[in-house]
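Each residue of the sequence shown is one higher than the one before, counting from 8 in the working numbering.
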Amino acid sequence: MKISKKIAITFTKIPKINPSDTSYLKIMKPSTKVENFLISNDIYSPYNLNSFPFIKDNGIKSNNGKNDENSTHVLINCEQYEILLNKDNIKPTQKLEYAIEEALNSMKPLKSLQDIFNEYGQLFPQRIILGRSIKNILPTSIAPETIDIKTESLIPRLDKLNISYFLTPKGRIIENNDLPNWIQNPNNLEIIEFDKIEPFYKILKEEQQTKIDDLLKDNYRILMTGITDLSDLDNNEVEYHKRINIESLLEDEDFEVYGSIISKNNSRLEGIYINFGSYDINGFFAMIKKLEETSVNIKECRILWMIVEKPSKLLVFSPNNREFQVECIKESIILQSDKSNYYIKPSFSLSQGYTIFVHAYCPSTNYEPDNIIKLVKWSHNSIKFQVTKPFYDESNNNFSTDNEEDINLDLRICVLRSDYKNLKFDNRSEGGYSLDLTGYVLTKDNFNESLSTEINEVV
8 MKISKKIAIT FTKIPKINPS DTSYLKIMKP STKVENFLIS NDIYSPYNLN
58 SFPFIKDNGI KSNNGKNDEN STHVLINCEQ YEILLNKDNI KPTQKLEYAI
108 EEALNSMKPL KSLQDIFNEY GQLFPQRIIL GRSIKNILPT SIAPETIDIK
158 TESLIPRLDK LNISYFLTPK GRIIENNDLP NWIQNPNNLE IIEFDKIEPF
208 YKILKEEQQT KIDDLLKDNY RILMTGITDL SDLDNNEVEY HKRINIESLL
258 EDEDFEVYGS IISKNNSRLE GIYINFGSYD INGFFAMIKK LEETSVNIKE
308 CRILWMIVEK PSKLLVFSPN NREFQVECIK ESIILQSDKS NYYIKPSFSL
358 SQGYTIFVHA YCPSTNYEPD NIIKLVKWSH NSIKFQVTKP FYDESNNNFS
408 TDNEEDINLD LRICVLRSDY KNLKFDNRSE GGYSLDLTGY VLTKDNFNES
458 LSTEINEVV
């Protein structure tokens, strides 16, 4: 840890400086790796490093277990001044504010913010102690304590601890017989302690703080959206595998994609099945199957798609749809030949205006499901889906319709919790598209207050 060389703040009022004439011997036994890290960087009060989100882990934050080293820090501090930095009396520089705003509006805001705070600083101490400090680290365990220095009693105590010298921050040796002179010498002021520490981004304007706090929430969000045309497909085919590449490289291959196919007139096409899979850091595939009787010109259609995951996992997070709050549900159902309606009970309450997306996967087989899944009804605690199998002309196609075996189907359901009516797409500059083109909007018309009773009767 080091002090940033970049100027991050300006003072609107001179900081308060209090003189101090305190000298003490401090013995500290770190019990965790985090405590050892903090003490080594002149931070003596306990802090949870997870509350400082932009500090690089380097194995410190994720390993808050027992300290492997059986060591004790022994230091002598001579305090001369206490500097108090009130957040009300400082403000970030315009250059820092501009850099933060650019990062917040970028496709990879968390990574961009990480780079900025690596330059400008991670921590903001509201209390800084100036003075002189020397230290020795003993390879044994000693009970922690703090002792006011009295020159006549210091040496016997150090002898008892078997300490014959200390080191300055620059590595100069101070032997015990030189301690009285060192203690009485007021020169060579240094920072010897940081205290009352907050994450550095807490000095920013409230609006920017709120946006960063929102980014740091470990919730599912709409990370990217796109519109892909299908002009390269062959109308004579019935099944297609369309590769969709994305511009921003992802950090992980574990994410979900939801979407639909729309016509050239921007109407949703229900007669065409679409699902997504084969995810990697560069993109994914769309699997498309159309009904034999469908007369739609596939070359004139487009795919509307969105990637859903946690921003901290993929790092990509488009600024276009951050107002949407997202809930994800994974539910397994067993398809039965004599049954078309299936019920899901979310762990959260549903409301009018929410939008639901759903896709299906078969986890234990190579079978690619081509079931058409539609929302039928909803209540505040239940969803009713209709799952149907498309019919194909088997004289022309290889698709089977008479599968008597029950199939275990994983439903991946995404719920958008928002009053917003349109979804913006990252690769289009025009206005957003209505949510009912890609999902099912919960309305008064498809609401059924007695759905829970219906479920109980079916069960």
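Think of the CB as a built atom: it goes at the ideal place given N, C-alpha and C, for glycine as much as any other residue.
Nothing here was measured: the structure is a model prediction, and the numbers come from that model.
*Helix, strand or coil: how does DSSP classify THR301 here?*
For THR301, the secondary structure class from DSSP, reduced to helix, strand or coil, is coil.
*What are the start and end residues of each continuous alpha helix (DSSP H) run of 4 or more residues lying completely inside the region 308-350, in chain order?*
Counting only runs of 4+ residues, the alpha helix (DSSP H) found wholly inside the region 308-350 occupies 318-321, in chain order.
_Suppose contacts are defined by Cβ-Cβ distances below 8 Å. Is GLN216 in contact with LYS209 by that definition?_
Contact: yes.
*Among ASP28, ASN192, THR232, ASN169, which one has its Cα closest to the Cα of ASN328?*
Nearest of ASP28, ASN192, THR232, ASN169 to ASN328, Cα basis: THR232.
*Find out if the Cβ-Cβ distance for the pair GLU338, LEU418 is shorter than 8 Å.*
When the beta-carbon positions are compared, GLU338 and LEU418 come within less than 8 Å of each other.
_Quick test of your reading: LEU137 and LEU92, contact by CB under 8 Å. State the CB separation rounded to the nearest angstrom._
Taking 8 Å as the upper bound for CB-CB distance, LEU137 and LEU92 are not in contact here, some 13 Å apart.
_Taking the beta strand (DSSP E) that THR153 belongs to, which residues open and close that run?_
152-155 is the span of the beta strand (DSSP E), which, as asked, contains THR153.
*So, is PRO22 buried or exposed, given that buried needs 16 or more other C-beta atoms within 10 angstroms?*
Answer is exposed; the Cβ neighbour count stays below 16.
*Just tell me which of ARG134, LYS451, ILE83, LEU240 has its CA closest to the CA of PRO187.*
Per the Cα distances, ILE83.
*Would you grab the beta carbon distance between SER302 and PHE292 for me? Rounded to a whole angstrom, and I think it's under 8 Å.*
The pair is not a contact, with the Cβ atoms about 25 Å apart (cut-off 8 Å).
*Counting along the chain, where does the alpha helix (DSSP H) carrying GLU42 start and finish?*
Per DSSP, GLU42 belongs to the alpha helix (DSSP H) from 40-47.
*Taking all protein chains shown into account, decide if LYS40 is buried (16 or more other Cβ within 10 angstroms of its Cβ) or exposed.*
Classified as buried, LYS40 has 16 or more neighbouring CB atoms from the shown chains inside 10 Å of its CB.
*asked:* Please state the DSSP three-state secondary structure of ALA106.
replied: Of the three classes helix, strand and coil, the one that applies to ALA106 here is helix, per DSSP.
*Kindly indicate which three-state DSSP category GLU246 falls into: helix, strand or coil?*
GLU246 falls in the strand class under three-state DSSP.
_Cβ pair count under 8 Å reaching 3, the region 308-322 against the region 252-264_ = With the rule of 3 Cβ pairs closer than 8 Å, the region 308-322 counts as touching the region 252-264.
_Please state whether the Cβ-Cβ distance between TRP312 and ILE380 is less than 8 Å._
Not in contact: TRP312 and ILE380 (Cβ atoms no closer than 8 Å).
*asked:* Within a Cβ cutoff of 8 Å, which residues of the same chain sit near ASN405, ignoring the five residues on either side of it in sequence?
replied: Low confidence applies to ASN405: its pLDDT is 43, below 50, so where it sits in the model is not reliable, and the reading given next is rough at best. Taken in chain order, the list of residues that qualify is empty.
*Report the rounded CA-to-CA distance for GLN359 versus GLU330, giving the unit in angstroms.*
Going by C-alpha positions, GLN359 is about 17 Å away from GLU330.
*Give me the Cβ distance between ASN378 and ILE234, rounded to the nearest whole Å; I'm assuming they're in contact under 8 Å.*
Not really, about 25 Å apart at Cβ, beyond 8 Å.
*Based on the DSSP secondary-structure assignment, which residues constitute the bridge partners of SER267?*
In the DSSP assignment, the residues bridged to SER267 are LEU311.
*Specify, as a first and last residue, the run of the beta strand (DSSP E) that LYS212 falls within.*
Looking at the DSSP string, LYS212 is not in any beta strand (DSSP E), and its letter there is neither H nor E.
*Best match in TYR280, LEU449, LEU111 for proximity to GLU246 [C-alpha to C-alpha]*: Of the listed residues, the one whose Cα sits closest to GLU246 is TYR280.
*Nearest neighbour of LEU458, chosen from ILE10, ARG309, PHE392, SER148 [CA to CA]*: Answer by Cα proximity: PHE392.
*Would you decide whether ASN282 is buried or exposed? Buried here means 16 or more other CB atoms lie within 10 Å of its CB.*
In summary, ASN282 is buried, with 16 or more beta-carbon neighbours lying within 10 Å of its beta-carbon over all protein chains present.
*With distances taken Cα to Cα, identify the nearest neighbour of LEU161 among SER148, ASN184, ARG139.*
Closest option to LEU161, Cα to Cα, is ASN184.
*Contact check, ILE24 vs ILE90, beta carbons under 8 Å*: Yes; because the gap between Cβ atoms is below 8 Å, this pair is in contact.
*asked:* For GLU126, tell me which candidate among PRO353, LYS12, ASP202, ALA150 has the shortest Cα-Cα distance.
replied: Relative to GLU126, the option among PRO353, LYS12, ASP202, ALA150 whose CA is nearest is LYS12.
*ASP95 classed as buried or exposed, judged by whether at least 16 other C-beta atoms fall within 10 angstroms*: Here ASP95 is exposed: its Cβ has fewer than 16 other Cβ atoms, across all protein chains shown, within 10 Å.
*asked:* Going residue by residue through the region 126-178, where are the continuous beta strand (DSSP E) segments of at least 3 residues, counting only ones entirely within it?
replied: Counting only runs of at least 3 residues, the region 126-178 fully encloses the following beta strand (DSSP E) elements, listed from N- to C-terminal order: 130-145, 152-155, 172-174.
*Using DSSP with H/G/I as helix, E/B as strand and the rest coil, what is ASP236?*
In the structure shown, the three-state DSSP call for ASP236 is strand.
*Under the three-state DSSP convention, the category PRO60 falls into*: PRO60 falls in the coil class under three-state DSSP.
*When the Cα atoms are used, what is the spatial distance from PRO37 to ASN77?*
The straight-line gap from Cα to Cα measures roughly 9 Å.
*Name the DSSP bridge partner or partners of LEU423?*
Within the DSSP bridge table, the entry for LEU423 names VAL333, THR362 as partners.
_Continuous alpha helix (DSSP H) stretch holding LEU92: start and end_ = Counting along the chain, no alpha helix (DSSP H) covers LEU92, and no H or E run does either.
_THR79 classed as buried or exposed, judged by whether at least 16 other C-beta atoms fall within 10 angstroms_ = Its Cβ being crowded by 16 or more others within 10 Å, THR79 is buried.
*How about ILE269 and LEU444: do their beta carbons lie closer than 8 Å?*
In this structure, LEU444 lies closer than 8 Å to ILE269 by Cβ.
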